[in-house]
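If you count by my numbering, then the sequence shown holds residues 2 to 263, one letter each, in order.
See structure below.
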Amino acid sequence: SLYLQYMEMSEYLNKIICGDCLTVMKQMPDKSIDLVVTSPPYNLKNSSGNGMKDGRGGKWSNAALIKGYATYDDNMPYDAYCQWQKACLSEMMRLLKDDGAIFYNHKWRVQNGLIQDRREIVADFPVRQIIIWRRKGGINFNAGYFLPTYEVIYLIAKKDFKLAPKANSYGDVWEFKQEQNNTHPAPFPVALIDRIISSTTGRIVLDPFMGSGTTAVVAQGLGRDFIGIELSEEYCRMAEARIERDKVCHEVAKFHPLTLFE
């Protein structure tokens, strides 16, 4: 029953779990998740086509990603990176119910003059659509190609997945500005995640690369349950603080509706 399933998941629901996402996901029961919304580390420092090699760091504020993430340097041999991401997606698929879907945000990179379009990662999964997330481009340090201004979101869907009523009227090119006021080096825009989650009927939303907690904050605001997994203790603390702040804001707004607009 739904109640028993909910009780089985209660140790995970509405929590940020600090740990390796593969290890944590392997402990979770089959078909227990409605929706996955995530953006893995992009393996940026293993790419020869960007501005990180010369220390300028491309579009990221203060070249933050040159240092990598808090506990992860984002520089794996490409084959190993692909195998890791395929293993992660396989676990996500196992966790999804038959009407579930993964929104897998990634960035195409150039390596030795050739595009890495992540085909090696997603080829064995049921990609139903590619959504283009158009954002402001940064600075292009490479004269070999035009300034990249978008990322992609692979909609990897199980057979019975359907969008929420009327959500199918959105196009497949979405324009959202990058998040500016966030100390995480590569945060999701809140509006982007709101578009994804509100376009589905999923009740339990998983983000196995939680970062600063945007997926959790948006899910909570939309009245859904979330599960976040994050390797970095620093980002776990950051995410938990954001979730608590957001909860307080919503409670205040219930009694003082105008405070959100002041």
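By construction, the Cβ of each residue, glycine as well, lies at the ideal position given by its N, Cα and C atoms.
Predicted model, so just to flag it, every value in this text is computed and none were measured.
query, result
"DSSP three-state call for GLN221: helix, strand or coil?", "helix"
"Between which residues of its own chain and ARG136 is the CB-CB distance below 6 Å, once the five residues before and five after are set aside?", "GLN179"
"Compute the Euclidean distance between the alpha carbons of ASP55 and ALA240, then round it to the nearest angstrom.", "Only weak support is given to the placement of ASP55: the predicted model assigns it a pLDDT of 48, under 50, and the question is left unresolved by the model."
"Looking at the secondary structure, which residues open and close the beta strand (DSSP E) in which ASP118 lies?", "First-last for ASP118: undefined, no H or E at that position."
"So ALA158 is in the alpha helix (DSSP H); what residue range does that whole segment cover?", "Careful: ALA158 lies outside any alpha helix (DSSP H), inside the beta strand (DSSP E) at 151-158."
"Based on the DSSP secondary-structure assignment, which residues constitute the bridge partners of GLY229?", "ILE17 and ASP208"
"If distances are taken between C-alpha atoms only, which option among ILE133, GLU9, PRO41 and LEU5 comes closest to ILE230?", "PRO41"
"So does the segment 154-162 actually touch the segment 100-111, counting three or more Cβ pairs closer than 8 Å?", "yes"
"Measuring CB atoms only, is the segment 191-211 touching the segment 23-39, in the sense that at least three cross pairs come out at less than 8 Å?", "yes"
"Check for me: the beta strand (DSSP E) holding ILE31 runs from which residue to which?", "Looking at the sequence shown, residue 31 is not Ile but Asp. Here ASP31 belongs to no beta strand (DSSP E), and DSSP marks it neither H nor E."
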